[in-house]
Every structure is written in structure tokens, then in C-alpha cells.
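*Asks:*
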Amino acid sequence: METAKYKRVMLKLSGEALAGEKGYGIDFAIAQEIAAQIKVLVEMGVECGVVVGGGNIWRGRNGEDMDRTTADYMGMMATCINALALQDSLEGIGVQTRVQTAIEMKEVAEPYIRRRAMRHLEKGRVVIFAAGTGNPYFSTDTTAALRAAEIEADVILLAKKVDGVYDKDPYKYEDAVKFDELKYIEVLEKGLQVMDSTATSLCMDNNIPILVFGLDKPENIIRAIGGEKIGTLVKK
Ligand code: UDP
1 METAKYKRVM LKLSGEALAG EKGYGIDFAI AQEIAAQIKV LVEMGVECGV
51 VVGGGNIWRG RNGEDMDRTT ADYMGMMATC INALALQDSL EGIGVQTRVQ
101 TAIEMKEVAE PYIRRRAMRH LEKGRVVIFA AGTGNPYFST DTTAALRAAE
151 IEADVILLAK KVDGVYDKDP YKYEDAVKFD ELKYIEVLEK GLQVMDSTAT
201 SLCMDNNIPI LVFGLDKPEN IIRAIGGEKI GTLVKK
């Protein structure tokens, strides 16, 4: 078994990652594949927090003619649906998991309490942070940066559709070049689409490395944790 380079990680899964080829909703086969990879991490002794997005169901910006705050709350609700799906997949293979929500829904999940989240992590439970930051006008990337700082994660594993950060859109341009490493400030100055700028700034200010990699192969999660050179590492 590989040895882990990191002790505590924050895995950010976009909603898109859970939708698979369908592009919408939840593909349970994909959720189970991801859960299986998370299980390996846990068995390696890595403490794992997860932030899930909601874009496979709803994003605030989908509600063009809506009140922005309401549309954003709908997005936060969407992340809760994904969180429960992932929890179900994890528990189905015997991984103890707690969902903590930034908006209280006590009958469904625990409210977010940092100290409690830390305790779960120390006990080897996976903690899924749902409902974003609980505030409109933010994203789940920012949630990942915030919660990673709070739980003192060693790294954010940012699972994307693309296998790293490129100088331009690799789906549109054949000559797009992938970066192996980047500084936070380069991401901000070049306007690279890694995370939104709020999230990137938060990582920069708190010195949290971000490893961007493709989830086209779920086993990439294990490769990333083993310290293999995959994707793009964003750091100081
Ligand atoms: N959202 C929010 N505040 C947060 C996190 C998320 O308002 O702290 C809303 C926002 O509308 C966002 C949606 O939830 O579009 C889903 O999150 P996101 O777009 O980050 O999901 P992803 O792109 O990762 O699937």
C-alpha cells in the first residue's frame, strides 16, 4: 500500500464530478467509485474532509431572473443532496461518515461545529461539509478553502473534469499547455480558472497548497495522496 504524503486533506468534489457523463444529477456508479477511493485514503490513515459542490443540480447563476440570494440558497440546498448521496455511498462500503451542514437541518445532518468536525476526523470518520459556507455570494471552492483552514488541512485536493491547470481552455485549444506548479499570485494575475479568486486568495493568505487533478480516473485521488506528480500544484 502507498504511504500518504499528507495527514489531513480536504477533498473538493464539484457537483459535475458526481454527475459523470450524464452532466446532470447524480450518477451513483460514479459516487460509489469516488467512495471506494476515499475508503482507501481512510485505510491509509489519512483524515479526510470533503466539500461537495452543487452545480450538477443547481448553481446560483442559473437563476438569471431570480433574486440572487434565493438562487444561492437553492445552490446550497443542492450541495446537501449531493452530500447525502456521497454519505450513503461511503456508508454502503463501511466508511463512517458524518455530514455537517452550514445551514441547520438537524433532522438530516449535524450542524457545522468545528471542534466536533475535528473530533470526527481524529476518529477516522470522513466529514462531508455541506451547504457551502451558509452564505450567498460564495462558492463551494471558497467553502473548501475556509474549511481547510479551519480544520488545518495539509492540502486541498481539487478534483476537476480537466487534469490540471492550463494556460487556456484545453477543450477549445489543442496547443493549451499544462502547468506542473503555479504560485497563487500567478493564478490571480493570469486569471487562471483554478478556483474563484476569493477561494484562491484565502488559500494564499493561509498558505494552503491546492492540488488540482482530473477525476476522469477516480484512482487519481490515491495517486495524489501518494505524492505522485499528477495535475498542478498551486502553492506559495
Ligand atoms: N453557494 C452559495 N454559498 C456558498 C456555497 C455555494 O451561495 O458558500 C451556492 C451558489 O449558488 C453556487 C451553488 O451553491 O453556485 C453550488 O455551488 P458551486 O457552484 O460552488 O458548486 P460546484 O461548481 O462545485 O458544483
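Residues 1 to 236 (full-length UniProt numbering) are what the sequence shown spells out, left to right.
Cβ atoms here follow ideal geometry from the backbone N, Cα and C, with glycine treated the same way.
Computed from a prediction, not measured in an experiment: that's the story for all the values here.
For Ala-109, which option in Arg-98, Ala-117 and Met-118 has the closest C-alpha, if you only look at C-alpha atoms?
*Replies:* Among Arg-98, Ala-117 and Met-118, the Cα nearest to that of Ala-109 belongs to Arg-98.
*Asks:* For Lys-190, which of helix, strand or coil comes out of DSSP?
*Replies:* In this structure, Lys-190 counts as helix in the three-state DSSP scheme.
*Asks:* Skipping 5 residues on each side, what residues in its chain have a beta carbon closer than 7 Å to that of Lys-168?
*Replies:* Ala-176
*Asks:* Buried or exposed: where does Lys-229 fall if 16 or more other Cβ atoms within 10 Å of its Cβ makes it buried?
*Replies:* exposed
*Asks:* Measuring CA to CA, which of Thr-140, Glu-122 and Gln-96 is closest to Ala-102?
*Replies:* Thr-140
*Asks:* Which of the three DSSP states, helix, strand or coil, is assigned to Gln-96?
*Replies:* coil
*Asks:* Closest by CA to Ile-221, which one among Ala-78, Ile-34 and Leu-233?
*Replies:* Ile-34
*Asks:* Taking Thr-232 as part of the beta strand (DSSP E), name the residues at either end of that continuous run.
*Replies:* 232-235
*Asks:* Any chance the CB of Glu-189 is under 7 Å from a heavy atom of ligand 1?
*Replies:* Between ligand 1 and Glu-189, a heavy atom-to-CB distance of less than 7 Å is absent.
*Asks:* Taking 8 Å as the cut-off, does the segment 72-83 touch the segment 5-25 (at least 3 CB pairs, one atom from each stretch)?
*Replies:* yes
*Asks:* In or out: Thr-70 buried (at least 16 other Cβ within 10 Å) or exposed?
*Replies:* exposed
*Asks:* Sorry if obvious, but does the Cβ on Thr-97 come closer than 7 Å to a heavy atom of ligand 1?
*Replies:* no
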